[in-house]
Amino acid sequence: MIQVSEPKQYRAAHHWRINRLIAFIFVVVTVVIAIFSLLIVFSRATVVVLSEQRDIESGLIVDIASSPTGDEVPGSVYEISRSVTDTFPVSSSITVETKAEGRVRIISELARAQTLVASTRLITPDGILFRLKDTVVVPAFGSVGGVAVADESGSSGDVGETTFIIPGLNEGTRQFFTVETIDSFKGGKKETYMVTATELAKAEDELVRRLRSELTSALREQAKQDGSRMDGELFSFNVAKRLADTEIGEEAESFSLSVTIEGRGVFFDRSAFDESINRMLAARLPFGRELAAINVDTSKIEIEKIDLIGRRANVRVSVQGASVLSTEAAGLDPEKLVGVTSSAAVQYLEGLDGVSSASVSLCPFWLRRLPNVAEHIKIEVR
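Per this note's numbering, residue 411 is the first one in the sequence shown, and the count goes up by one each step.
Shown next, in the form of structure tokens:
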């Protein structure tokens, strides 16, 4: 049997080709592993979540003190009292009904004097009743003047030239007397000035405005003298006393009014005040939500209580604002998005309560799934 041996050159070439193939495969595997490693290391995902804003409203009490501790806001408190008196004209005129009166002449043809006492009745031909204001004595065969007053208020007593009978005298005596007007009767209605509740309230408002302005300046000056440099201030005013020299409904052309007002001023660090409000309001939000905007309604900030001895104050604040989802919300945990596709991530996020929309941005751009490492997923809430 004849053995044929391969030439040495052929065997060497064969081994060289095998080694080259192994090396090529090794390089390819190494490159693939390197690419996957790079993708794992450098792949990133940015998730943008648009949160629904929810309105919030709350009433808070902020503590202000000259020597603050804890959450108290630095500040100072002052109180000043002042009084003012002024006279005001009465502008409210009204028409009132009064009893008309006028002068009469009583003529006697009787041979003796006749006494007519006060309130003696005098009646006109059309039945309007008057009474003598004072007692008079009518001389024999003479006359006397007197004043007659209408028995009822109103314009019915405004009579012109007329005569009267005296019903209180017996018929035999009555015929000897004649009563006639000397001039027209007037006064059934008259215009008069009367103090009204509106007049007093208007005058008080004017004095209060005047004192408020004076007290505000005085409180600021006192704080300045004490070296206060606070940029926040709050005032309250209380009418401690009011006294008028006339009563409501009293007739007068003018009246005097005195008012005493207590003014209180609270001066505080505005930035610390706002920070305190932010902290307290944020603490009242449920877990998973955070403040997005805040509006302190300045018309609803008022002094609740002042302690002048302790130099502290409690301020009531009405706060309005809006909240959004925070990145700490349970549904926004990056672990829940590891390795899922972009579309699946968006579908999941938009199904969460409080999310209006969501989007995913991947790097490199050709990736279809979010990174497998939670730390490489960044979630932004807007």
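Virtual Cβ for every residue (Gly too), placed ideally from N, Cα, C.
Check, Outcome
"Straight-line gap, Leu460 to Ile474 (C-alpha atoms, nearest Å)", "38 Å"
"CB contact flag (Gln585, Val548, <7 Å)", "no"
"Other residues of its chain near Ala822: CB distance less than 7 Å, five sequence neighbours each side excluded", "Since the first and last residues shown for the chain are 411 and 792, residue 822 lies out of range."
"Length-filtered (4 minimum) alpha helix (DSSP H) runs lying within the stretch 547-601", "581-584"
"Beta-carbon spacing of Ala650, Glu672 below 7 Å", "yes"
"Neighbourhood of Leu625 by C-beta, 7 Å cutoff - its chain only, sequence neighbours within 5 removed", "Ile490, Arg492, Phe647, Ile671, Gly673"
"Within 7 Å, strictly: CB atoms of Leu742 and Ala455", "no"
"Helix, strand or coil at Asn793 [DSSP, three-state]", "Nothing about residue 793 can be read from this structure; the chain reaches only from 411 to 792."
"Assigned exposure category for Phe678 - 16 Cβ within 10 Å defines buried", "buried"
"Nearest-angstrom Cα separation, counted from Thr572 out to Arg515", "11 Å"
"Three-state class that DSSP yields for Pro535 in the structure shown", "coil"
"Beta-carbon contacts of Ala633 that lie in its chain and below 7 Å, excluding the five residues immediately before and after", "Ser486, Tyr488, Gly675, Phe677"
"Nearest-angstrom Cα separation, counted from Ala739 out to Leu701", "13 Å"
"Nonlocal neighbours in the same chain, by C-beta distance under 7 Å from Met690, ignoring five residues either side", "Leu470"
"Val500 beta carbon less than 7 Å from that of Ser664", "yes"
"Cβ pair Val791, Leu735 closer than 7 Å", "yes"
"Beta carbon of Lys509 nearer than 7 Å to that of Ala560", "yes"
"Minimum C-alpha distance to Thr751 - residue among Ser769, Tyr603, Asn724, Val725", "Ser769"
"Environment of Phe540 [buried if 16+ CB atoms lie within 10 Å]", "buried"
"Boundaries of the beta strand (DSSP E) in which Arg454 is found, first to last residue", "454-461"
"The ligand FAD heavy atom lying under 6 Å from the CB of Thr495", "The ligand FAD is not part of this structure, which contains no ligands at all."
"Proximity below 7 Å, CB of Asn705 to CB of Lys715", "no"
"Neighbourhood of Thr530 by C-beta, 7 Å cutoff - its chain only, sequence neighbours within 5 removed", "Arg541, Leu542, Ile576, Gly578"
"Beta-ladder partner(s) of Leu653, from DSSP", "Ser668"
"Reduced DSSP secondary structure (H/G/I, E/B, other) of Lys715", "strand"
"Glu462 beta carbon less than 7 Å from that of Gly764", "yes"
"Exposure of Thr357, with buried meaning 16 or more beta-carbon neighbours within 10 Å", "Only positions 411 to 792 of the chain appear in this structure, which leaves residue 357 out of reach."
"Cutoff 7 Å: Glu581 Cβ touching any chain D Cβ", "Looking at the structure shown, chain D is missing, and only one protein chain is on hand."
"Where Lys543 falls: helix, strand or coil (DSSP)", "coil"
"Whole-angstrom distance between Ser553 and Gly582, CA atom to CA atom", "19 Å"
"C-beta contact flag for Val589 and Leu532 at 7 Å", "yes"
"Residues that DSSP places opposite Gln632 in a beta bridge", "DSSP lists no partner for Gln632."
"Proximity of Ile661 and Thr602 at Cβ, strictly below 7 Å", "Looking at the sequence itself, residue 661 is Glu, so the reference to Ile does not match. Contact flag set, yes."
"Rounded separation between Ile428 and Phe434 - CA only", "10 Å"
"For Gly485, the three-state DSSP class (helix, strand or coil)", "strand"
"Continuous alpha helix (DSSP H) stretch holding Asp641: start and end", "Neither: Asp641 is in no alpha helix (DSSP H) and is coded neither H nor E."
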